[in-house]
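Number of protein chains: 2
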Amino acid sequence: MILTVTPNPALDLTWRVDRLTPGATHRADAGAARSGGKGINVARVAHAQGASVLALTTAGGRTGVAFVADLGASGVPHRLVQVAAPTRQTVALVDEALGDTTIVNERGENPTDAEWAALFGEVVDALPSARVLVISGSLPPGAPGSFVPLLIGTAADAGVPVIVDTSGPALLRAADAGASVLKPNAAELVEATGIADPVEGARALLARGAGLVLLSRGAEGMLAVTAETVTHARLDAPLAGNPTGAGDAAVAACAALYADGVRDTETVLRRATAWSAAAVTMPLAGEISDDWSALEQRLVVTSTPREERP
Amino acid sequence: MILTVTPNPALDLTWRVDRLTPGATHRADAGAARSGGKGINVARVAHAQGASVLALTTAGGRTGVAFVADLGASGVPHRLVQVAAPTRQTVALVDEALGDTTIVNERGENPTDAEWAALFGEVVDALPSARVLVISGSLPPGAPGSFVPLLIGTAADAGVPVIVDTSGPALLRAADAGASVLKPNAAELVEATGIADPVEGARALLARGAGLVLLSRGAEGMLAVTAETVTHARLDAPLAGNPTGAGDAAVAACAALYADGVRDTETVLRRATAWSAAAVTMPLAGEISDDWSALEQRLVVTSTPREERP
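Take a look at the structure:
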């Protein structure tokens, strides 16, 4: 079973407008409200691809009620810790003319210490059945810095590998704690490590203790960086679509393989890149198209031993 | 008592961002959710200024629950018809750097015939206690064209004057039905009448049957157009601020005077312009600043008999 933890879930609101003009008034049909947060999206993708999953997160307030209702309707197995603070919202305004999306993400409110402990307890309860633990997304401002390292340490004690997709100081802490896989994008890597070259930044995370860094590069595909090699997978031609949720699909692919005991770096990289590409062609985060194996066939993969880099 | 009817209420959501950039991702603190719709804003302003009010509208779905909770907390007396369709939402993204606001208004879902009848019934029940009826805001797509004229006719039978602030065909129907006061802005007048000159458009509404047209012109103040004269009120110097809700404050001023039996056109125009200006200095629609009487002192009022217009 793939166990996902979402420390900062969100109710994702989406409205479509003809053409978004700052300062103007627009008319729109009723917006959509969907349970989100990166760990929820990972669970959705893995569940839709037939993997056994359990999504753990929090919910609170009126927005939490809508979050719970949508998550229940999704069919994704989940367990929720009730919290006092309302579940945060995100706003996406989709410009139908240009096809781009303007996003406003609420930062989220920090659960109480007791609520964090309850979420931690849910992970501890579920770990014996887990083949892999995924910790995905941001943490609310003020979140205890120990939360991610404690989860990683507890999973390691239970022999469960941990995949982490987060940013900022939590990304460094995850590396220090020995996360099996980290999946930053280039901007997150540069911001967290202060190193301008993302591949060197990925190596810094490996030196801190991470086992593998999957570095997502948008239309340029994905890099798998280990102490020995840098492997690059990309499509033979770029895809048009919506990149929101592409990273979550990559994490879902990695988690599905890890849950099956697959650790081969190139296999993981290819599947992660293919699912990521298959997410770009879908309108909503948390979904991938069924033609992902055709996309996997189209990948161009190159590997460079460390010594050969200039 | 001022009776307001809001045929298309909304839960108004507001988020503040540093600088709104289309296509970009932004961070924001938790958004605000407030019960809105023009008639609700009118009732808020009049209630805050000490007038006796009753706000009638509909509520439905999860958004309706939030709408009801906020309206209850506001202290504005109200009666609600429960409807099956969820209360629509509006989205306002406030650019803190530029100070301007990008708005997305859901069109709203049309209540059933039985729900329209229930709302109509609430008006009939309340009319004996009403000194003035206000019908404010848009109608959802598909709304019965007879709703506004029937309300105006019923109020007229009860000897209650009616102020209407709407747009499109409903504005023409309100004129045909003999509304006491209409309050379009210039764009709404041009769009509804097809006449390029707003003052001529206002005269067309008078010819159809309206008693008085208050034509709001933003920073240029307001015009009161009757069959005999055009009276113009404006501040001696422009005000900086948020124009959202300025028209609702003007309607509230007009309603408060009509409820007190005041019909003098210049008195109504001055009060409406002053409350409108006092709304511009407030961050939220449905509120006016306490210094409105100082603003009223600063108005420059000019009157032109019809014959003198070139």
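As you go down the protein sequences, you meet chains A and B in turn. Heads up: the first sequence at position 235 corresponds to 1129 in my numbering, and the numbers run straight through without jumps. Heads up: the second sequence at position 251 corresponds to 1145 in my numbering, and the numbers run straight through without jumps. Glycine residues also receive a C-beta, built at the ideal position from the N, C-alpha and C atoms. Owing to the predicted nature of the structure, the values given are computational and were not obtained by experimental measurement.
- For L1044 of chain B, no CB of chain A lies under 9 angstroms from its own CB, so it is not counted at the interface with that chain.
- For V1054 of chain A, the three-state secondary structure derived from DSSP is coil.
- The bridge partners DSSP lists for T1196 of chain A are A:H1126.
- E1000 of chain B reaches chain A at W909, R921, A922, D923, A924 and G925, counting residues in chain order whose Cβ is nearer than 9 angstroms.
- Excluding its 5 nearest sequence neighbours in each direction, A1113 of chain A has C-beta neighbours in its own chain below 7 angstroms: P1132, listed in chain order.
- Interface residue (Cβ-Cβ distance to chain A less than 9 angstroms): E1082 of chain B is not classified as such.
- Comparing alpha carbon positions, the residue from A:D989, A:R1102 and A:P901 closest to A1037 of chain A is A:P901.
- At a Cβ-Cβ threshold of 9 angstroms, D1142 of chain B and A1171 of chain B do not count as neighbours.
- Beta-bridge partners of N1004 of chain A (DSSP): none assigned.
- In the structure shown, the three-state DSSP call for I896 of chain A is strand.
- In summary, E1122 of chain B is exposed, with fewer than 16 beta-carbon neighbours lying within 10 Å of its beta-carbon over all protein chains present.
- In the three-state scheme derived from DSSP, where H, G and I count as helix and E and B as strand, I1182 of chain B is classed as coil.
- When the beta-carbon positions are compared, A1149 of chain B and I1057 of chain B come within less than 9 angstroms of each other.
- In terms of beta-carbon proximity, Q1191 of chain A stays away from the interface with chain B, with every pair separated by 9 angstroms or more.
- Cβ atoms of A1168 of chain A and L1151 of chain A stay farther apart than 8 angstroms, at about 11 angstroms.
- Judged by beta-carbon spacing, R938 of chain B lies within the 9 angstroms limit of V970 of chain B, meaning their Cβ atoms are closer than that value.
- For T919 of chain B, there is no enclosing alpha helix (DSSP H); the residue is part of the beta strand (DSSP E) that begins and ends at T919 to A922.
- In this structure, the beta-carbon distance from R1001 of chain B to G1039 of chain B does not fall below 9 angstroms.
- Apart from sequence neighbours up to five positions away, the residues of its chain that approach M1176 of chain A with a beta-carbon distance below 8 angstroms are G1135, N1136, G1139, I1182 and S1183, ordered along the chain.
- By the CB criterion at 9 angstroms, H972 of chain A and L948 of chain A fall inside the cutoff.
- Among the residues facing chain A, E1003 of chain B is included, as its CB has a counterpart in that chain under 9 angstroms away.
- None of the residues of the region 1163–1191 of chain B has a beta carbon lying less than 8 angstroms from any beta carbon of chain A.
- Using a Cβ distance threshold of 9 angstroms, Q976 of chain A and T952 of chain A count as a contacting pair.
- V1026 of chain A sits close to I896 of chain A, with the two beta carbons spaced by under 9 angstroms.
- V1028 of chain B and V998 of chain A have their C-alpha atoms some 36 angstroms from each other.
- Given a length threshold of 4 residues, each whole run of the alpha helix (DSSP H) inside the region 900–971 of chain B is given here in chain order: 932–942 and 955–968.
- A distance below 9 angstroms separates the beta carbons of T898 of chain B and V936 of chain B.
- Using beta-carbon distances, P916 of chain A counts as an interface residue toward chain B, with a partner under 9 angstroms.
- Looking from the CA of D906 of chain A, the closest CA among A:G944, A:R913, A:D912 and A:G958 belongs to A:G958.
- Across the set B:D1130, B:G1105 and B:L974, the C-alpha of B:D1130 shows the shortest separation from the C-alpha of Q1191 of chain B.
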